[in-house]
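J.: My questions will all concern the structure given below.
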Amino acid sequence: GAGVSQSPSNKVTEKGKDVELRCDPISGHTALYWYRQSLGQGLEFLIYFQGNSAPDKSGLPSDRFSAERTGGSVSTLTIQRTQQEDSAVYLCASSTNKPGLASDTQYFGPGTRLTVL
Amino acid sequence: AQSVAQPEDQVNVAEGNPLTVKCTYSVSGNPYLFWYVQYPNRGLQFLLKYITGDNLVKGSYGFEAEFNKSQTSFHLKKPSALVSDSALYFCGSQRGDTGRRALTFGSGTRLQVQP
Chain A
4 GAGVSQSPSN KVTEKGKDVE LRCDPISGHT ALYWYRQSLG QGLEFLIYFQ GNSAPDKSGL
64 PSDRFSAERT GGSVSTLTIQ RTQQEDSAVY LCASSTNKPG LASDTQYFGP GTRLTVL
Chain B
36 AQSVAQPEDQ VNVAEGNPLT VKCTYSVSGN PYLFWYVQYP NRGLQFLLKY ITGDNLVKGS
96 YGFEAEFNKS QTSFHLKKPS ALVSDSALYF CGSQRGDTGR RALTFGSGTR LQVQP
């Protein structure tokens, strides 16, 4: 079946502009995660959605970052007033995260490479 | 708090030789541990995970990992390396409860297999 898809694959923007990154999870997966991969910081968690629960936003680096998930499926990560340090690969992952399941294997999309000039 | 360490930035091995990519962890409670591989311009691909039970976990593409509680390690191994195994490898941990499911990753190890 189809895996996690992300768009665009590459995004180049100017400092100060807003950008939106899209993630389409695996069908039926209730959990959705955003991570950021950058040279200086490695792979870091940003935000986590689980069903209709309030998202875990504990990894968002500043209030310029926000995300939403509509209808329990597609998610959009928005970065306002982009800065050069926002340049990174933004990865989305999804999982089944069924109640009572001991662990939660996350399946990743190909990522969006964001370059802020 | 959780942390994962991958002490080697790069591992070089000759094709056909065994390979080991090291990972140590610091996780409160029972850890769930994962290995992922990343090929150029691709996302992370799941290789294997340890939850409980057998300390030796077998995964995709002939990889396996050994959980060692006393040494807090979860090293990735393969008996015979292939050139196509050259990639970036990440070790990750997840809290062993239903709370925070986000993965904490190590810094990654680049594996280079020479023909």
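Residue numbers (the working numbering), protein chains in the order written: chain A, 4 to 120; chain B, 36 to 150.
Quick reminder that beta carbons are idealized off the backbone N, C-alpha and C, glycines included.
(1) Name, going along the chain, the residues of the segment 26 to 38 of chain A whose beta-carbon falls closer than 9 Å to a beta-carbon of chain B.
(2) How far does the beta strand (DSSP E) with D89 of chain A in it extend, from its first residue to its last?
(3) Using the Cα positions of V119 of chain A and S30 of chain A, report the straight-line distance between them to the nearest angstrom.
(4) Would you say F125 of chain B and L79 of chain B are within 8 Å of each other, going by their C-beta atoms?
(5) Considering only C-alpha positions, which residue in the set A:R116, A:G54, A:Y38 and A:S98 is nearest to S69 of chain A?
(6) To the nearest angstrom, how far is it from the Cα of A116 of chain B to the Cα of P66 of chain B?
(7) Of the residues that make up the segment 77 to 111 of chain A, which ones have a beta carbon closer than 7 Å to any beta carbon in chain B?
(8) How many whole angstroms separate the CB atoms of G143 of chain B and L123 of chain B, which I take to be in contact at a CB cut-off of 8 Å?
(9) Taking only beta-carbon positions, decide if D59 of chain A is within less than 8 Å of chain B.
(10) So which residues of chain B does P113 of chain A contact, with C-beta pairs closer than 9 Å?
(11) Should D89 of chain A and Q129 of chain B be called a contact, given that it needs their Cβ atoms to be closer than 8 Å?
(12) Would you report the Cα separation of A100 of chain B and L83 of chain B, rounded to the nearest angstrom?
(13) Kindly list, in the order they appear in chain B, the residues whose Cβ is closer than 9 Å to that of L117 of chain A.
(14) Can you give me the C-alpha to C-alpha distance between E17 of chain A and Y110 of chain A, rounded to a whole angstrom?
(15) Beta-carbon of F48 of chain A versus every beta-carbon of chain B: anything under 8 Å?
(16) Distance cutoff 8 Å, beta carbons only. Does G19 of chain A sit that close to anything in chain B?
(17) Of the residues B:V48, B:N52 and B:F69, which one's Cα is nearest the Cα of S38 of chain B?
(18) Quick one: which unbroken alpha helix (DSSP H) runs of 4-plus residues sit fully inside the segment 101 to 148 of chain B? Chain order, please.
(19) Please look up how many angstroms separate the CB atoms of L111 of chain B and T55 of chain B, rounded, as I've assumed it's under 8 Å.
T.: Taking the geometry as given:
(1) If you check each beta-carbon in the segment 26 to 38 of chain A against every beta-carbon of chain B, the ones closer than 9 Å belong to A34, Y36 and Y38.
(2) Taken as a continuous stretch (DSSP letters only), D89 of chain A belongs to no beta strand (DSSP E), as it is neither H nor E.
(3) 32 Å
(4) yes
(5) A:Y38
(6) Cα to Cα, A116 of chain B sits roughly 28 Å from P66 of chain B.
(7) With the criterion set as a beta carbon lying under 7 Å from some beta carbon of chain B, the members of the segment 77 to 111 of chain A are L94, N100, A105, S106, D107, T108, Q109, Y110 and F111, in sequence order.
(8) 5 Å
(9) yes
(10) Within chain B, the residues placing a beta-carbon under 9 Å from that of P113 of chain A are N76, R77 and G78, ordered along the chain.
(11) no
(12) 8 Å
(13) Among the residues of chain B, none has a CB under 9 Å from the CB of L117 of chain A; the nearest is roughly 14 Å distant.
(14) 31 Å
(15) yes
(16) no
(17) Ranking B:V48, B:N52 and B:F69 by Cα distance to S38 of chain B puts B:F69 first.
(18) Here no run is fully enclosed.
(19) That pair is a contact at about 7 Å.
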